Each structure stands twice: as structure tokens, then as C-alpha cells.
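This note's numbering puts the first residue of the sequence shown at 9, with every later residue one more than the last. For every residue, glycine included, the Cβ atom is placed at its ideal position computed from N, Cα and C. None of these values were measured; they are calculated from a predicted model. Report on one structure; see the data block that follows.
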Amino acid sequence: MKYSRTQWWLPKLLCLIAACAFWVYVMNEQNPVMENTYTIPVEVRNLDRSLVATNVPSKVRVKIRMSRSDMISLRTDDIKAYVDLSGVTAGDHPNTQIHVSVPGDETVLSVSPQFFNLNVDTYAVKSLPATVEIFGNPDPNFTVGENKVTPGSIMIAGSSSKISEANRAVVSVNIAGKDKNFTEFDSVNILDADGNTVTGLEIMPSQVKVSVNVKENQKVGNLQVKASTKGEVAKGYRITDVIVTPPVATVTAPISYFDKNKAIELDPIDVTGASKDVVQTVNVPAPLGGSVAVPQVTVTIKIEKD
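Right, dumping it as C-alpha cells:
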């Protein structure tokens with residue numbers, strides 16, 4: 009029995025269709041199409057250097073359809089979200105589109121947000137002196153003195169409208185519980201005339217070194233002045249008394265000095281070989297960071313025969 013040409017190829021065609029259908033079935037089972045959502049940073053492209061774009065969303069959510077194998081190999085930085093600002097001039101540009109590019113056969117299903125109201129302003133720079141604002145309370149016995157900021161000036165850059173708002177470059181320093189000088193690095197905050205933070209500016213440097221002088225409070229008090237001797241008097245003689253005139257000194261010093269010192273100790277007076285009274289004028293040591301009302305006293309060492 010003879011078969012016509014059509015009858016001969018028909019079974020083969022049916023087999024091919026069945027094979028293709030089976031392949032599609034297997035691929036869908038083994039490598040199915042899936043959907044996933046990614047958060048992608050938005051790039052600004054082709055903007056003239058004399059301009060700055062504001063109101064541009066920092067990130068968008070992108071929903072993509074792809075095969076499972078492509079999803080496994082896809083990296084987030086393979087997906088690009090951008091606004092093309094070629095030829096854009098200063099002013100408002102409503103409904104500016106955010107474009108998304110993906111590699112391979114991936115399909116972008118949605119971009120959120122996809123459109124936004126763009127504002128383009130001229131680019132400007134400005135220098136502001138760095139000022140320190142202190143908050144908190146130091147140790148009760150201490151007071152905050154001078155401070156130094158390095159560097160002393162801050163450069164800011166951004167849109168002209170934002171630059172015109174900038175009034176002060178402020179560094180906030182917490183002195184709560186501080187009881188000695190300290191140095192730290194703190195962030196710079198740009199404020200307007202009303203004390204509100206101005207955002208969207210480039211701050212150079214964004215951190216500065218702040219050195220703060222913390223001084224201990226002083227008080228005035230009276231302390232006994234004590235004298236002592238060194239060496240041995242002549243044979244057959246002895247020390248009968250040590251007299252300091254005046255016996256008390258008025259001292260101005262940090263509070264902690266009075267906690268640690270109940271009297272002022274003078275340098276020892278040498279009485280080696282002495283056979284009669286020794287009288288000397290002795291300097292009264294001033295406390296560190298303080299002073300004494302009478303810088304010198306007279307010390308009399310009474311010496312008598314045994």
C-alpha cells in the first residue's frame with residue numbers, strides 16, 4: 009500500500025508539535041516564569057554641570073517578570089533606573105519619567121513612582137563659618153570655656169534656592185557630665201534664619217573636629233600654712249617651736265584642691281648645725297590654676313640648749 013506525501017509527513021509534523029509542547033511543558037515546570045520586585049536607586053543622567061536637579065526620588069520599586077534561572081543570576085545593580093535630563097533648563101518640569109533598563113529578556117511590569125514633578129535650579133556654592141552649639145550640663149563643679157572648630161569654615165553646594173536659605177553651619181556638642189577638656193568629631197548641620205535644617209545640600213566637610221575647654225569652678229578659702237625642717241641642729245641643742253607668720257593663707261583654687269589639701273605645706277627649712285633661732289622668708293606655693301593672697305610667709309625655728 010502506497011502513502012501519499014502528505015500522509016508521510018503528517019505523523020512527523022504531529023511528533024514535532026508534540027515534542028515542542030513537551031519541551032515547553034518541561035521548561036515551565038523546571039524553569040517557570042516568575043515575578044519579583046526590586047528597590048533601585050535613581051540616577052540623574054546628562055544634566056548640565058551648571059544646573060542641579062531637585063525632587064528626584066532617591067529610589068523606585070521595579071516589578072520584573074523573568075524565568076527562575078534569570079532571577080537567580082540577576083543582580084540588583086544589573087537593573088538601572090534613571091532620568092535623562094539632556095537639554096533640560098532651569099525651572100519646573102512636571103510628569104518627568106523615570107526610565108528603567110534590565111538585561112536580557114526580563115520584562116518590566118511596573119515602576120513606582122514612574123513619573124514625578126522635577127525642579128531644576130542653577131548650581132551655587134557658599135562658605136559659612138562653623139559655630140558650636142552646646143547642650144547638656146557639665147559636672148556641677150565645672151564650667152565650659154572656649155572651644156575650637158577645625159576647619160573653621162564650611163563649604164556648601166547645591167541649588168541656588170537652597171543656598172539662599174542657608175544661614176548657619178552648626179555643630180552640636182553634648183557636654184553632659186563632662187569634667188575635663190575633650191576633643192571629638194561631630195556632624196555639621198546647616199540651618200536657616202529660623203533655625204530649621206536646610207536639606208538637599210552637599211556639605212564639605214560633613215564632620216569637623218571640636219575641642220572644648222572645660223574648667224573647674226574655683227572658690228576662696230583659708231588654709232593653715234605648715235612649716236617643717238630638715239637636718240640636725242648642733243649637738244646639745246633642740247627645736248622648741250616652729251612659728252609661721254601669718255599662720256593662715258587665703259587661697260583661690262579649683263574646688264577639688266580644697267578636697268585634697270587641708271593645709272599648705274612649705275618646703276622644709278634646713279637647720280643643720282644651728283645653735284640659735286633660724287628665721288627665713290619662705291615662698292607659699294600657689295595651687296595649680298589658682299593663687300594665694302600672701303605669696304610669702306616668715307618662718308621662725310626656735311632653738312634652745314638641752
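Original post:
Quick one: does the C-beta of Val-279 sit closer than 6 Å to a heavy atom of the ligand SAH?
Top reply: You won't find the ligand SAH in this model; it holds no ligand whatsoever.
**OP:** Mind the definition here: the region 271–285 touches the region 227–246 only if three or more C-beta pairs lie below 8 Å; say whether that holds.
**Re:** yes
Subject >> Span of the beta strand (DSSP E), counted from its first residue to its last, around Ser-161 >> reply: Mapped onto the sequence shown, residue 161 falls at position 153. Residues 161–167.
Original post:
Taking Cβ positions, are Tyr-245 and Ser-299 nearer each other than 7 Å?
Top reply: The count along the sequence shown starts at 1 and reaches residue 245 at position 237. The count along the sequence shown starts at 1 and reaches residue 299 at position 291. Not in contact: Tyr-245 and Ser-299 (Cβ atoms no closer than 7 Å).
Original post:
What are the boundary residues of the beta strand (DSSP E) that includes Asp-249?
Top reply: Residue mapping note: residue 249 aligns to position 241 of the sequence shown, counting from 1. It spans 245–253 - the beta strand (DSSP E) in which Asp-249 sits, taken as one unbroken run.
Original post:
Between the Cα of Ser-94 and the Cα atoms of Asn-197, Arg-76, Arg-53, Lys-188, which residue gives the shortest distance?
Top reply: As a working mapping, residue 94 is identified with position 86 in the sequence shown. With distances taken between Cα atoms, Ser-94 lies closest to Arg-53.
Subject >> Close Cβ partners of Gly-166 (< 8 Å) along its chain, the five nearest in sequence each way excluded >> reply: By 1-based counting over the sequence shown, the position of residue 166 is 158. If we look at Gly-166 and ignore the five residues flanking it on each side, its Cβ neighbours are Val-60, Tyr-131, Ala-132, Gly-208, Leu-209, Glu-210.
**OP:** Go through its chain and collect everything with a Cβ distance to Val-216's Cβ below 8 Å, but skip five positions before and after it.
**Re:** Translated into the one-based positions of the sequence shown, residue 216 becomes position 208. Here the set comprises Ala-138, Val-157, Thr-158, Pro-159, Ile-162, Val-179, Phe-193, Asp-194, Val-196.
Original post:
Candidates Asp-202, Phe-190, Asn-155, Ile-48: which alpha carbon is nearest Arg-176's?
Top reply: For this step, residue 176 is matched to residue 168 along the sequence shown. The candidate whose alpha carbon is nearest that of Arg-176 is Asp-202.
Original post:
If you check the beta carbons only, do Ile-277 and Val-307 fall under 7 Å apart?
Top reply: Numbered from 1 along the sequence shown, position 269 holds the residue referred to as residue 277. Numbered from 1 along the sequence shown, position 299 holds the residue referred to as residue 307. Result yes, Cβ atoms of Ile-277 and Val-307 sit closer than 7 Å.
**OP:** May I ask you to verify whether the region 69–79 touches the region 107–124, counting CB pairs closer than 8 Å and requiring at least 3?
**Re:** yes
Subject >> Residues near Lys-227 by beta carbon distance below 6 Å, same chain, minus five either side >> reply: Position 219 of the sequence shown, counted from the first residue, corresponds to residue 227. Once the five neighbours on either side are set aside, the close Cβ partners of Lys-227 are Ile-263.
Original post:
Got a sec? Which residues, its chain only, sit under 6 Å from Lys-238 by beta carbon, not counting five neighbours each side?
Top reply: Against the sequence shown, residue 238 aligns to sequence position 230. These residues qualify, in order along the chain: Pro-276, Asp-278.
Subject >> Check whether Val-140 and Ala-174 have beta carbons under 7 Å apart >> reply: For the purposes of this step, residue 140 is identified with residue 132 of the sequence shown, where counting begins at 1. For the purposes of this step, residue 174 is identified with residue 166 of the sequence shown, where counting begins at 1. Result no, Cβ atoms of Val-140 and Ala-174 do not sit closer than 7 Å.
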